[in-house]
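S.K.: In the numbering used here, the protein residues as written are 710 to 953.
Note that beta-carbon positions come from the ideal geometry of N, C-alpha and C, so glycine has one too.
Values in this document were obtained by computation on a predicted structure and should not be read as measured data.
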């Protein structure tokens, strides 16, 4: 049984999820992905890492990051996480606790004391165990599951200091590992940043656990996925223009 199935029945959630699914399917047809897919994926990964750091309050121009002049520890952690994700998604559903520890290590090095890296906060243990059971079960709609992973990790603050970066990475792993976004091309982080006040408010609403709060977050997340698909065309067009 899927413990998250009732969430899909909340008002307007299923239609939002279907819209996101259609947007991903459409975006994956961009002609740049046929021969330049790796270049597109690398650029989107960079942009999403910069956006994830910005959501933690560490904002930098993409051009400066690309030029290697930004040494901010939080940004560097976000970049390390983004670089590691392609090699982690295959382990996410089988060893989620170990993957989270790795994400925390990558994100937190240079930010947090070494002794705390890879160790979730003790008071988050029970809720984290429940969440990881959901991850391992791989049941139900993958977008709903990714949204719950993201929202719950934000709510329980299991990884202080870089919790948001870990939460967004875990959600991305869920979308990739489930096959919803198998190439990791959907720039969800950019959409969260573009709608940052709503992102923060909806995450807070999710943490209340009320039906309205859950609905608010799920709708926000589905819309962010849909809007994040637009970046595939933006980057894809730029790549095609560059190669002539």
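Is it buried or exposed for residue 873, if we count other Cβ within 10 angstroms and need 16 for buried?
M.R.: Per the 10 Å Cβ criterion, buried.
S.K.: So, do the stretch 812-826 and the stretch 849-858 have three or more beta carbon pairs nearer to each other than 8 angstroms?
M.R.: They do not touch, by the three-pair rule.
S.K.: So is residue 786 buried or exposed if we call it buried at 16+ other beta carbons inside 10 Å?
M.R.: Buried, by the Cβ-count rule.
S.K.: Please go through the same chain and pick out, in chain order, the residues whose beta-carbon is closer than 6 angstroms to the beta-carbon of residue 758, but skip the five residues on each side of it.
M.R.: Excluding residues within five positions, the ones whose Cβ falls inside 6 angstroms are 787, 788, 791.
S.K.: Between which residues of its own chain and residue 937 is the CB-CB distance below 8 angstroms, once the five residues before and five after are set aside?
M.R.: Counting only Cβ-Cβ distances below 8 angstroms, and skipping sequence neighbours, we find 895, 896, 897, 898, 899, 900.
S.K.: What residue does the alpha helix (DSSP H) around residue 915 start on, and which one ends it?
M.R.: First-last of the alpha helix (DSSP H) with residue 915: 905-917.
S.K.: Just list the residues that DSSP pairs residue 882 with in beta bridges.
M.R.: BP columns for residue 882 are empty, so no partner.
S.K.: Label residue 783 either buried or exposed according to how many other C-beta atoms from any shown protein chain fall within 10 Å of its C-beta, with 16 as the threshold for buried.
M.R.: Buried is the call here.
S.K.: Given residue 860, which residues of its chain have a CB within under 7 angstroms of its CB, disregarding the five upstream and five downstream residues?
M.R.: The residues are 912, 915, 926.
S.K.: Can you give, in chain order, each stretch of the alpha helix (DSSP H) that sits fully within the stretch 914-952 and has at least 4 residues?
M.R.: With a minimum length of 4 residues, the continuous alpha helix (DSSP H) runs that stay inside the stretch 914-952 are 920-937, 939-952.
S.K.: Would you say the stretch 756-772 touches the stretch 721-735, given that touching needs at least three Cβ pairs under 8 angstroms?
M.R.: No contact exists between the stretch 756-772 and the stretch 721-735.
S.K.: For residue 755, does the three-state DSSP call read helix, strand or coil?
M.R.: Residue 755 falls in the helix class under three-state DSSP.
S.K.: So, with DSSP's three-state summary, where would you put residue 825?
M.R.: The answer is helix: DSSP assigns residue 825 an H, G or I state.
S.K.: What would DSSP say about residue 818, mapped onto helix, strand or coil?
M.R.: DSSP places residue 818 in strand when its eight states are reduced to three.
S.K.: With burial defined as no fewer than 16 other Cβ atoms inside 10 Å of the residue's Cβ, what is the status of residue 856: buried or exposed?
M.R.: So residue 856 counts as buried.
S.K.: Compute the Euclidean distance between the alpha carbons of residue 947 and residue 745, then round it to the nearest angstrom.
M.R.: If you take the alpha carbons of residue 947 and residue 745, they lie about 11 angstroms apart.
S.K.: Give me the Cα-Cα distance between residue 743 and residue 750, rounded to the nearest whole angstrom.
M.R.: Cα to Cα, the separation comes out at about 12 angstroms.
S.K.: One question on the structure: do residue 868 and residue 876 come within less than 9 angstroms of each other, judged by their Cβ atoms?
M.R.: Against a cut-off of 9 angstroms, the Cβ pair of residue 876 and residue 868 comes out as a contact.
S.K.: Would you call the CB atoms of residue 809 and residue 879 closer than 9 angstroms?
M.R.: Yes, the Cβ-Cβ distance between residue 809 and residue 879 is below 9 angstroms.
S.K.: Quick one: residues in its chain with C-beta nearer than 8 angstroms to the C-beta of residue 740, no 5 flanking neighbours on either side, listed in chain order?
M.R.: Same-chain partners within the cutoff: 945, 949.
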